Amino acid sequence: MQISLVGAGYWGSKVAKELTTLPKVSDVEIIDIKDGKTLQDIKYNNVVLATPAWDHYTQTLELLEQGKNLYVEKPLALTTQECLDIKNKIKNGQTVMVGHIFLYNDRVKKIKELLPRIGKIQHIESNRLNWGRYQKKISTTHSLAPHDVSIIHYLLGYHEFKNIICIGDNFSKNSQNDRDEYFFSCNDVSVKLNLSWYYPEKVRTMSITGEKGFLFWDEEAKTIKLTTHIWQHTRMNYQPTIEKFYVESNPLRNELQEFVDSIDSQRKPLTNVDHAIEVAKNLDLLESFV
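Numbering follows this note's numbering, in which position 171 of the sequence shown is assigned residue number 310; successive positions increment by one, without gaps.
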């Protein structure tokens, strides 16, 4: 299979490297917009779009009109309406996949596998923090939150977020916040998201509180900690059972393989346009409270 990669920046360079490892991919064409190339220069029918998020909508529509099969980095577009516009332009037989990368992360799959051991989920708390990459044209909601929203949908199913509260800080005095904290409920589970590109350390953690235990996932350490037997009758057990799981995974390679396999077998990918629309609906809701 031959693939054209549009975008050769920070993320596009990572995508290019992983595409060369896929056995079914025979050639990768690089289309770098910065070098003056345009979408009209693309010669292959299968395209990976790794351009800035604010360009996804117009570029995706143009490539769909050309009849291309498309993998678009998250988010598919910046509003639900734009995602719906894209869906309406997909022709029969065209593959459209969105890069919600954490759904191809084996650590996330392991978390879902372990959920029954902690009982009914009561609370989810996620921290997605680092120094950069600073964005001027999109907020933390569209830069960082698509990951968390897609993970929450995967764990709890798609439900409209309710009771939303947002607290943010604009340290850089630019057009959007550098830090946003969201509190909301999803399917009667309380959720907290802490998003920032103005933080001294790279932190990627999620804690899940259940009636019978906890899960703590540290993506940077590639570990999941399961805590069970947290109660002794009516008292807290201060010596609970703790199990630690180290899970290797290459999510980017996994999702690119899904794109190739979806085209090959002419089936919908896991993160198809309908999945992206569900994510966009809740992102719209979060953004409206900033």
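Virtual Cβ for every residue (Gly too), placed ideally from N, Cα, C. Please read these numbers as outputs of a predicted model, since none were measured by experiment.
Identify every residue that forms a DSSP beta bridge with residue i.
i	result
Leu-144	Ile-169 and Val-187
Val-412	Answer by DSSP bridge pairing: none, since Val-412 is not bridged.
Ile-363	Trp-356 and Phe-384
Gly-238	Glu-212
Ser-324	Lys-301 and Ser-329
Indicate, with yes or no, if the ligand COA has a heavy atom lying under 7 Å from the CB of residue i.
i	result
Leu-223	Of the ligands one can find in the structure shown there are none, so the ligand COA has no counterpart to examine.
Shortest alpha-carbon distance to residue i belongs to which of the options?
i	options	result
Ser-165	Lys-173, Gly-146, Ile-142 and Glu-397	Ile-142
Gln-274	Leu-334, Leu-254 and Asp-357	Leu-334
Glu-299	Tyr-377, Asp-403, Ala-419 and Leu-332	Ala-419
Ile-172	Lys-156, Tyr-183, Lys-182 and Thr-190	Thr-190
Ala-192	Val-237, Glu-350, Ile-306 and Ser-324	Val-237
Asp-194	Asn-266, His-281 and Tyr-243	His-281
Arg-406	Ile-303, Asn-208 and Val-145	Asn-208
Asn-269	Thr-234, Tyr-337, Lys-226 and Cys-305	Tyr-337
Gly-296	Tyr-377, Leu-354 and Val-328	Val-328
His-286	Lys-176, Leu-242 and Leu-202	Leu-242
Arg-343	Ile-290, Asn-316, Lys-259 and Val-211	Ile-290
Leu-391	Leu-365, Lys-213, Ile-303 and Asp-308	Lys-213
Lys-182	Val-145, Tyr-210, Tyr-377 and Leu-200	Val-145
Met-345	Lys-251, Ile-277 and Leu-425	Lys-251
Phe-398	Tyr-149, Ile-169 and Asn-184	Asn-184
Thr-373	Glu-350, Arg-256 and Phe-428	Glu-350
Residue i by DSSP, collapsed to three states: which one?
i	result
Val-399	helix
Arg-374	strand
Arg-343	strand
Arg-267	strand
Gln-220	helix
Leu-332	strand
Gly-151	helix
Glu-443	The structure shown does not extend to residue 443, since the chain spans only 140 to 429, so no value can be given for it.
Gln-261	strand
Thr-197	helix
Arg-318	strand
Asp-308	strand
If we count the other Cβ atoms within 10 Å of its Cβ and call it buried at 16 or more, is residue i buried or exposed?
i	result
Phe-310	exposed
Pro-162	exposed
Arg-267	buried
Gln-179	exposed
Met-375	exposed
Ala-152	With the sequence shown as reference, residue 152 is identified as Ser, and Ala is not the correct amino acid for it. Counting Cβ neighbours within 10 Å, Ser-152 comes out exposed, since fewer than 16 surround it.
Asn-421	buried
Asp-308	exposed
- Which runs of the alpha helix (DSSP H), 4 residues or longer, sit entirely within the segment 270-305? Secondary structure in the segment 270-305: the alpha helix (DSSP H) runs of 4 residues or longer, each lying completely within the stretch, are 279-282 and 284-295 in chain order.
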